[in-house]
Every structure is written in structure tokens, then in C-alpha cells.
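Please read the structure below before turning to the comments.
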Amino acid sequence: MHSYSLIAPAKINLYLEIIGDRPDGYHELVMILQSIGLVDQIDVRSISTDSIRIHCNHPQVPTDKSNLAYRAAELMAMQFPQAFAQYGGVEISINKQIPVAAGLAGGSTNAAAVLVGIDLLWKLGLTQSELEELGGTLGSDVPFCVAGGTAIATGRGEQLSPLPSLDNIYILLAKYRSLEVSTAWAYKTYQEQFGHSYIRDSENLAARANAVHSGAIVKAVVNKDVGEIAQKLHNDLERVVLPAYPQVLQLREVFANQEGVLGTMMSGSGPTVFALFESQQQAELVLRQVRESILDEDLELFVTRTITHGIKVASSV
Ligand code: C5P
707 MHSYSLIAPA
717 KINLYLEIIG
727 DRPDGYHELV
737 MILQSIGLVD
747 QIDVRSISTD
757 SIRIHCNHPQ
767 VPTDKSNLAY
777 RAAELMAMQF
787 PQAFAQYGGV
797 EISINKQIPV
807 AAGLAGGSTN
817 AAAVLVGIDL
827 LWKLGLTQSE
837 LEELGGTLGS
847 DVPFCVAGGT
857 AIATGRGEQL
867 SPLPSLDNIY
877 ILLAKYRSLE
887 VSTAWAYKTY
897 QEQFGHSYIR
907 DSENLAARAN
917 AVHSGAIVKA
927 VVNKDVGEIA
937 QKLHNDLERV
947 VLPAYPQVLQ
957 LREVFANQEG
967 VLGTMMSGSG
977 PTVFALFESQ
987 QQAELVLRQV
997 RESILDEDLE
1007 LFVTRTITHG
1017 IKVASSV
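Our numbering puts the sequence shown at residues 707 to 1023.
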């Protein structure tokens, strides 16, 4: 096979709690991550030169080293120099549907797809946990993007415990096209404002992570109780992003006041806001109502649903 076409799903955070900071400058987190049916398509193929090339249909996506997908290919070339020499360079085409800098792990899932694609192209036979470990060196969300489904993520977000998969929960996503929030800014601002309340000792950090593991939202996920999940949605980063971005706050408020919305929250560091529904019809109805109440061409709205997989091979030639 000389080329693989991969499906790379976005994620939302059903839960994001910041419990402390870390010597490496990152934050100690407890999250519940969920794959969703909004996906990019990544085509990976061998080329005869020894270069890494990226093409993308989205003008805002860089095609150089600042693209995490490029760094994923570079990492594979560095880790497996013999395979790189044998198979040559890699051309990566990204068909982007996931909004950029949105809190939906769009960049991370593209990188995860490149790891999986190159593993297949170069016949490396890496296990999922080896791919996840490589992914963790690229970004905190990359391991989850490899695995997908529903999972608790701790540490920087790279340590995963799978949860029973949630399928067929319907989701409405809203994002202003031109609005981007820097993840680094969100965490830094949170630390400046709320760092005094961080747990500092490792015993209590572990106890807090365990309390979330056995807490209400995880129970609701295990019971597949959508109403209860929606009631227990949580994201600490809303405390800094909502006051700084009135448009995101407005979306949260508009969503919260619509009939049929079981719960609403910002995903990751934002600015995407999502709402959960029991049916696709309800989600589509609210999409139309929001479209009528916020007359702004810049606002993108998508109806999707929870899915049970991460990176998947769509085809190979
Ligand atoms: O790991 P990733 O590159 O996605 O993280 C982006 C930025 O978000 C980091 O540079 C860091 O500032 C912040 N971050 C953090 N703690 C985490 C994850 C991310 O402080 N657990």
C-alpha cells in the first residue's frame, strides 16, 4: 500500500477540572473526553523525495513545522530512520472540516492520524499504546485522539482510562469563525487568577483525581444517563474564557435558554460551545432557532453526535 486515507474525529470535553500545576509548566487535569462525528480526512502517501509535505484545503492551516501534523511526521522519521530511508518522504493532505483553534482538538487529531497513517505506510506494526505514547510527546490531547471513544484523561491529559462508549447523544456546536482562544493563554490566566487554590501535594492530587473517577459524571457516563451527564458538565476554563470573550458567554446563555437543550458547556479552552440533546431533530430545531436569534454570518453551527472511535482507516491504495 502506498497511501492511506484516515478519518480523524474532533473531541469535546464533557468535564475539565484543573487540580494543580506541574514542574513541567503544564497543569494537572482530570477530564472526560468524548469523540464526535465532526471529522477531518487525512490522506498520507509515500513520495520519492525525503521531504514532508502538507496540503490543506483551509487557508488558515499552516503547512510548515508549526502544524502539529508536520511535527508528527517528523517525529516518526526521527524515531524510525531506517523506515524513513526505505520508504522515502510523506505527503499529507488534510481535508479540514473541524474548526481551527476551537477547543475541539482539530490539530491534535490530525497529528494522531499522521502517526497511525505512517505506522501503516511503513509497516511498523506499532501497538495502540505505543502510538499513544508517541502522541503524548506532541501534545496533551493526541493520545486520546488516537484512541477515541469516551475516556477519563489525567496528568497533562495524556493518561487515559477508557469509559464505556457513549453513542447517539446529539450535539449542537457553535463557534465564531474569526474567534480564536489560545490554550496557553487560557491556562496561564487561570493560574494567575486561581493558582492559589491548586492542590500542591501529590497525595491530595491523586485523591482528587480518584474522587472524579468515582464521581457523579463518571457514574452518569457508565449508566449512559444523558440527562444526568448534561447536568454534570463542567469546565474550569470557562471561569477565564467567558469573562474575556462576551460572544462565548452569549452563546452559552442563548443555548441554556433553548427548549430541548439537556446541558451546555464550552469545550476545552474554547471558544466552541456545545449543547447536548436526546434527538437529532431537537438539535436541528435549536440550530435554526439560534441562527434566527444571532444574525451573524461569522457564526458556524454544526449538528453532530457522539461516536465510539478515534482514528480510523477509511481506505487504502
Ligand atoms: O499540550 P498542548 O500543546 O495541547 O498544550 C497547549 C498549551 O496549553 C500548553 O503549552 C500549556 O500552556 C497549556 N496546557 C497546560 N496544561 C495541560 C495542557 C495544556 O497548561 N495539561
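Yeah, the Cβ is synthetic: ideal placement off N, Cα and C, and Gly gets one too. Here the structure is a predicted model, which is why all the values come from computation and not from measurement.
Beta-carbon spacing of residue i, residue j below 8 Å
{"i": "Ala-859", "j": "Leu-866", "result": "yes"}
{"i": "Val-947", "j": "Leu-982", "result": "no"}
{"i": "Val-996", "j": "Ala-808", "result": "no"}
{"i": "Ile-1013", "j": "Gly-743", "result": "yes"}
{"i": "Leu-774", "j": "Ala-716", "result": "no"}
{"i": "Val-954", "j": "Ser-999", "result": "no"}
{"i": "Ile-718", "j": "Val-736", "result": "no"}
{"i": "Ile-753", "j": "Gly-823", "result": "no"}
{"i": "Gly-795", "j": "Ser-757", "result": "yes"}
{"i": "Leu-943", "j": "Leu-720", "result": "no"}
{"i": "Val-820", "j": "Ala-779", "result": "yes"}
Cβ-heavy atom distance, residue i to the ligand C5P, below 7 Å
{"i": "His-919", "result": "no"}
{"i": "Ala-989", "result": "no"}
{"i": "Leu-993", "result": "no"}
{"i": "Thr-1010", "result": "no"}
{"i": "Arg-862", "result": "yes"}
{"i": "His-733", "result": "yes"}
{"i": "Ser-772", "result": "no"}
{"i": "Asp-847", "result": "yes"}
{"i": "Ala-890", "result": "yes"}
{"i": "Tyr-893", "result": "yes"}
Residue i, DSSP secondary structure in three states
{"i": "Ser-1021", "result": "strand"}
{"i": "Ala-648", "result": "Since the first and last residues shown for the chain are 707 and 1023, residue 648 lies out of range."}
{"i": "Lys-925", "result": "helix"}
{"i": "Ile-1068", "result": "Past the boundaries of the shown model lies residue 1068; the chain is included only from 707 to 1023, so the question cannot be answered."}
{"i": "Asn-963", "result": "coil"}
{"i": "Arg-728", "result": "coil"}
{"i": "Ser-888", "result": "coil"}
{"i": "Pro-868", "result": "strand"}
{"i": "His-902", "result": "helix"}
{"i": "His-1015", "result": "coil"}
{"i": "Pro-949", "result": "helix"}
{"i": "Pro-849", "result": "helix"}
Limits of the beta strand (DSSP E) - the one that residue i falls within
{"i": "Gly-861", "result": "856 to 861"}
{"i": "Thr-1010", "result": "1005 to 1011"}
{"i": "Phe-983", "result": "979 to 983"}
{"i": "His-708", "result": "Note, His-708: premise wrong, no beta strand (DSSP E); not H, not E."}
{"i": "Gln-740", "result": "733 to 753"}
Expected contact under 8 Å - CB spacing of residue i and residue j to nearest Å
{"i": "Leu-827", "j": "Tyr-710", "result": "6 Å"}
{"i": "Val-927", "j": "Leu-968", "result": "At roughly 14 Å, the Cβ-Cβ gap does not stay under 8 Å, so Val-927 and Leu-968 are not in contact."}
{"i": "Asp-746", "j": "Tyr-882", "result": "Not confirmed; about 20 Å, so no contact."}
Limits of the unbroken alpha helix (DSSP H) element including residue i
{"i": "Gln-684", "result": "Given that the chain is displayed from residue 707 to residue 1023, the structure contains no residue 684 and the question cannot be resolved."}
{"i": "Gly-841", "result": "834 to 842"}
{"i": "Arg-777", "result": "774 to 785"}
Residue-chain proximity (residue i, chain C), Cβ-Cβ < 8 Å
{"i": "Ser-711", "result": "Reference to chain C is not applicable here, since this structure consists of a single protein chain."}
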